[in-house]
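Numbering (the working numbering), first residue to last: 62 to 740.
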Amino acid sequence: MSRTRTVAFPKDLYQRAFVEALKKLDPRVMIKNPVMFVVEVGFVVTLLLTILPDLFGGASDRGYNGIVSLILFVTILFANFAEALAEGRGKAQAESLKKTKQDTKARKLAKDGSIQMVSSTELRKGDLVIVEAGELIPSDGEIVEGVASVDESAITGESAPVIKEAGGDFSSVTGGTRVVSDRIRVRVTTDPGESFLDRMISLVEGAKRQKTPNEIALNTLLVSLTLIFLIVCTTLQPIASYVNAAIPIATLVALLVCLIPTTIGGLLSAIGIAGMDRVTQFNVIAMSGKAVEASGDINTIILDKTGTITHGNRMAAEFVPVGNSKADALNRAAAQSSILDETPEGRSIVELAKKQGLAASELELPGAEGVEFRAETRMSGTNLANGTQIRKGAVDAIKTYVKELGGRIPADLDEKANRIATAGGTPLAVVEGNVILGLIYLKDTVKPGMRERFEELRRMGIRTVMCTGDNPLTAATIAREAGVDDFVAEAKPEDKIALIRKEQAAGKLVAMTGDGTNDAPALAQADVGLAMNSGTVAAKEAANMVDLDSDPTKIIEVVAIGKQLLMTRGALTTFSIANDVAKYFAIIPAMFMLAIPQMNALNIMGLATPQSAILSALIFNAIIIPILIPLAMKGVKYSPMSATKLLSRNLVIYGLGGILVPFVGIKLIDLVLVGLNLV
């Protein structure tokens, strides 16, 4: 299971947020949030009326104007504080990451082979550096020589070192991490200021977060509602004059502020920043807010089988002779075909042969030459000094190879290979010369709890597709055991892209995980691409999210966080618009009650006086923002369920609740004001 990053926030976080909230009062900053900018304009107007009561003609109540002005100021301050607090959390995380980034000395390998000690800031893309045990890796790069154990805890928080080696999908290293053992040669892949750590720092600073398309759309709606209510409030003055009802300007301002969606307007930015913050706390770096939001709308998730659904370490479980071959001959040939194979799979074959009694002398092969696995041949093996060639590989590839050599295919080969595949294993055929001796049963197991996790995604309405290079029978068995909705067998990189495009053409959003260079095109094509930090530079550059823990199944948590972000924004928008209903019943009767006594019938809350009604609604409008800040930061609790059920639940909780809570709150505030003789 994945793990949430724990960040020690500064003790003065709230103090800093308060100072930033005051700085945000600058109109040039406030105008970026049109709803709260209108509130600030209202504050300025009522403040001027407090100082000059007859500014707009006719005397007004200086004390009443002052109280309204103070409440509006507090409303703006609370909204700014919510945004500043969310930004502060991100900046606190950035500070903790900056401690990891430091100017280190690097041993740069010059063209003449000499080593020069230089500052890490002097390194450029393409430079070669030598890093030994105990030293910090000076910059992002790829290992071009050597194998080492690397401590990445400064970035991932994971205490266990990871093995990094040249020439594979685990050759990528990150600046600021420490080599624990051995010696490696690293080619620098970034220029100063462009490293992965630099991008992490800039990405977690919420102040630099760009608004997402949905957020922009919602902001446009809020602006439209604000304009509508501005027109409504402006036209109330002539209507009031017609019915001989004098409406103070401060009251009109109070009405406007209560009618426009100030609650969601004040919290909208904080919700988005906090959403990215939650992803970061989960040790996932999102390249943009759009990626986080898109994850909440995902319809299809494409996952690799190996390392994601299964443990990924296929181990030899059994040797199965075919035809007239003897078990001893198969054991020997299988081990000799793998003696120079340094992969976990190859080592497991040798170990199994030893357990079954193979003599150590059979593995002493002076002059033998290893044949590496290639995608074109789908085989590997050993060429012995006496000219004998031993190969192991995919059954169909070995059959083709034997036919080309004029050999015979054993009658029971396909039947036994299918039996292994049906059991969820991978059959490798072993051939010595042109004679097929038997099969190696490689077994991979599904990770515990995967079926439950895929069932959880299914309840979210998300379809899961497993991609694997295995044959269809093996793929079908693993898919059935894991509980995925569909699978693609014998998948090549282009097959993954084709599948993503097919889903997208049907109007679906697609997420994918990957770590290899061959995954990069598909990660770039997917709407949400989650690359592993342990993977290649190409994969991380192509994706729009990077998982620092390198846990491919974390895409499930990312999707849940994205849905929580969308749900939080929707829930608080529903609550904000719904609680305006109570404000209507508080302020509108108060405005016309004296001129039109019949309006008192709408005073269903039984508010004491017109002045207390207006002030109570305005005070509630202000204090509801800080009350909802924890919810905006933490997010509305998300439970996997259908969209219809989720909508119904939120309408009840935040729609109906948004109507009822203000009735109670405004009435309580009215009782307090009357009890303290403030009105």
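Glycine included, C-beta positions come from ideal geometry on N, C-alpha and C.
For clarity, every value in this text was computed on a predicted model and none was experimentally measured.
Helix, strand or coil at residue 606 [DSSP, three-state]: Residue mapping note: residue 606 aligns to position 545 of the sequence shown, counting from 1. Of the three classes helix, strand and coil, the one that applies to residue 606 here is strand, per DSSP.
Assigned exposure category for residue 402 - 16 Cβ within 10 Å defines buried: Position 341 of the sequence shown, counting from 1, holds the residue named residue 402. That one is buried.
Buried or exposed (CB count within 10 angstroms, at least 16 for buried), residue 630: Within the sequence shown, the letter at position 569 stands for residue 630. The residue in question, residue 630, is buried, as its Cβ has 16 or more Cβ neighbours within 10 Å.
Buried versus exposed, by CB contacts within 10 Å (16 or more), residue 427: On the sequence shown, position 366 is the one that residue 427 refers to. Exposed is the call here.
Backbone secondary structure at residue 166 - three-state DSSP: Sequence index remark: in the sequence shown, residue 166 carries index 105 (1-based). Three-state result, residue 166: strand.
Three-way DSSP call (helix, strand, coil) for residue 101 in this model: Along the sequence shown, one-based indexing puts residue 101 at 40. Helix, per DSSP.
Residue 404 versus 611, 433 and 701, residue with shortest Cα-Cα distance: Sequence index remark: in the sequence shown, residue 404 carries index 343 (1-based). Considering only alpha carbons, the answer is 433.
Neighbourhood of residue 679 by C-beta, 6 angstroms cutoff - its chain only, sequence neighbours within 5 removed: Taking the first residue of the sequence shown as 1, we reach residue 679 at position 618. So the qualifying residues of the chain are 132 and 315.
Sequence-distant residues of its chain with Cβ nearer than 6 angstroms to residue 336 (five each side left out): Looking up residue 336 in the sequence shown gives position 275. Once the five neighbours on either side are set aside, the close Cβ partners of residue 336 are 353 and 626.
Neighbourhood of residue 256 by C-beta distance below 7 angstroms, restricted to the same chain and skipping five residues each side: Walking along the sequence shown from the start, residue 256 turns up at place 195. Answer for residue 256: 200, 201 and 236, listed in chain order.
Span of the alpha helix (DSSP H), counted from its first residue to its last, around residue 494: Counting from 1 along the sequence shown, the entry for residue 494 is found at position 433. Looking at the DSSP string, residue 494 is not in any alpha helix (DSSP H), and its letter there is neither H nor E.
Test: residue 629 CB closer than 9 angstroms to a CB of chain C: As a matter of chain content, chain C is missing from the structure shown, which is built from one protein chain.
Cα-Cα separation, residue 346 to residue 611: Along the sequence shown, read from residue 1 onward, the residue named residue 346 stands at position 285. Along the sequence shown, read from residue 1 onward, the residue named residue 611 stands at position 550. The alpha-carbon atoms of residue 346 and residue 611 are separated by roughly 12 angstroms.
Beta carbon of residue 183 nearer than 9 angstroms to that of residue 245: Along the sequence shown, read from residue 1 onward, the residue named residue 183 stands at position 122. Along the sequence shown, read from residue 1 onward, the residue named residue 245 stands at position 184. Against a cut-off of 9 angstroms, the Cβ pair of residue 245 and residue 183 comes out as no contact.
Three-state secondary structure (DSSP) of residue 30: No answer is possible for residue 30: the residues shown for the chain start at 62 and end at 740.
Beta strand (DSSP E) segment containing residue 293, residue limits: As a working mapping, residue 293 is identified with position 232 in the sequence shown. Unbroken run through residue 293 is the alpha helix (DSSP H), 274-303; no beta strand (DSSP E).
DSSP three-state assignment for residue 382, whether helix, strand or coil: Taking the first residue of the sequence shown as position 1, residue 382 is located at position 321. Of the three classes helix, strand and coil, the one that applies to residue 382 here is strand, per DSSP.
Residue environment, residue 397, which counts as buried when at least 16 other CB atoms sit within 10 Å: Position 336 of the sequence shown holds residue 397. Answer is buried; the Cβ neighbour count reaches 16.
Inter-stretch contact (C-beta, 8 angstroms, three-pair minimum) for the region 488-504 and the region 459-475: yes
Secondary structure of residue 526, DSSP reduced to three states: Residue mapping note: residue 526 aligns to position 465 of the sequence shown, counting from 1. Strand.
Residues near residue 384 by beta carbon distance below 6 angstroms, same chain, minus five either side: Along the sequence shown, one-based indexing puts residue 384 at 323. So the qualifying residues of the chain are 471.
Per DSSP, the bridge partner or partners of residue 361: Start at 1 with the first residue of the sequence shown, and residue 361 comes out as number 300. DSSP, once it has assigned bridges, lists 524 and 571 as partnering residue 361.
N- and C-terminal bounds of the beta strand (DSSP E) containing residue 212: Counting from 1 along the sequence shown, the entry for residue 212 is found at position 151. Note, residue 212: beta strand (DSSP E), 208-212.
DSSP-derived helix/strand/coil call for residue 643: Counted from its first residue, the sequence shown places residue 643 at position 582. Helix at residue 643.
Endpoints, alpha helix (DSSP H) assigned at residue 56: Since the displayed the chain opens at 62 and closes at 740, residue 56 lies outside it and no answer follows.
Separation of residue 575 from residue 363, as counted between CA atoms: As a working note, residue 363 is residue 302 in the sequence shown. As a working note, residue 575 is residue 514 in the sequence shown. Cα to Cα, the separation comes out at about 10 angstroms.
As assigned by DSSP and simplified to three states, the class of residue 143: Position 82 of the sequence shown, counted from the start, is the residue given in the question as residue 143. Helix at residue 143.
Extent of the continuous alpha helix (DSSP H) to which residue 342 belongs: Position 281 of the sequence shown, counted from the first residue, corresponds to residue 342. First-last of the alpha helix (DSSP H) with residue 342: 323-342.
Proximity to residue 414 [Cα-Cα], best of 324, 166, 443 and 380: The residue given as residue 414 occupies position 353 in the sequence shown. It is 380.
Residue 267 in three-state terms, based on DSSP: For this step, residue 267 is matched to residue 206 along the sequence shown. Unreliable positioning characterises residue 267 in this predicted model, as indicated by a pLDDT of 47, which lies under 50. A coordinate reading is not provided.
C-beta contact flag for residue 170 and residue 204 at 9 angstroms: Residue 170 sits at position 109 when you count from the first residue of the sequence shown. Residue 204 sits at position 143 when you count from the first residue of the sequence shown. Contact: no.
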